[in-house]
Amino acid sequence: MDLNLSTRHEGDRTVIEVGGEIDVYTAPKLREQLVDLVNQGRYHLVVDMEAVDFLDSTGLGVLVGGLKRVRAHDGSLRLVCTQERILKIFRITGLTKVFPIHTTVEDAIAATD
Numbered sequence: 010m011d012l013n014l015s016t017r018h019e020g021d022r023t024v025i026e027v028g029g030e031i032d033v034y035t036a037p038k039l040r041e042q043l044v045d046l047v048n049q050g051r052y053h054l055v056v057d058m059e060a061v062d063f064l065d066s067t068g069l070g071v072l073v074g075g076l077k078r079v080r081a082h083d084g085s086l087r088l089v090c091t092q093e094r095i096l097k098i099f100r101i102t103g104l105t106k107v108f109p110i111h112t113t114v115e116d117a118i119a120a121t122d
């Protein structure tokens, strides 16, 4: 399975729509996208994971790395996810305490830091 990425800007927020599998083979593509956005001065990111089919520890590491990058610029990285199998990974790892997780992109965009 491949990883599909698309981005759009909503004011000072950048929404990254992610689809497919985020694993050891595809995670570098997501990492590159996050690094590029931060290098462009986009420090408030919303990662829409509604179309993600699979997420492994490498993918989690990329998201944590992205969070560290934006926080270094007083930014934010918010996730959008309602899929129980993906949410369970965040709960088991304790990352629900690290990432704000929203049910819709609109909620994530409207949230204040």
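Each residue of the sequence shown is one higher than the one before, starting from 10 at the first, in this note's numbering.
Backbone N, C-alpha and C fix where the C-beta goes; we use that ideal spot for every residue, glycine too.
A quick note: this is a predicted structure, and the numbers were derived from the prediction, not measured.
Rounded to the nearest angstrom, the gap between the Cα atoms of alanine 81 and glutamate 93 is 30 Å. Closest in alpha carbon position to aspartate 11, among Glu19, Val27, Thr23 and His18, is Val27.
For threonine 105, there is no enclosing alpha helix (DSSP H), as DSSP gives it neither H nor E.
Between the C-alpha atoms of threonine 105 and threonine 113 there is a straight-line separation of about 16 Å.
Beta-bridge annotation (DSSP): serine 85 is paired with His53. Going by beta carbons, leucine 76 and leucine 69 fall outside the 8 Å limit.
One Cα belongs to arginine 17, the other to glycine 103, and the distance between them is close to 29 Å. Taking aspartate 65 as the centre and dropping the five residues before and after it, the same chain places the C-beta of Asp32 closer than 6 Å to its C-beta, in chain order.
Linking phenylalanine 63 to isoleucine 110 through their CA atoms gives a straight-line distance of about 17 Å.
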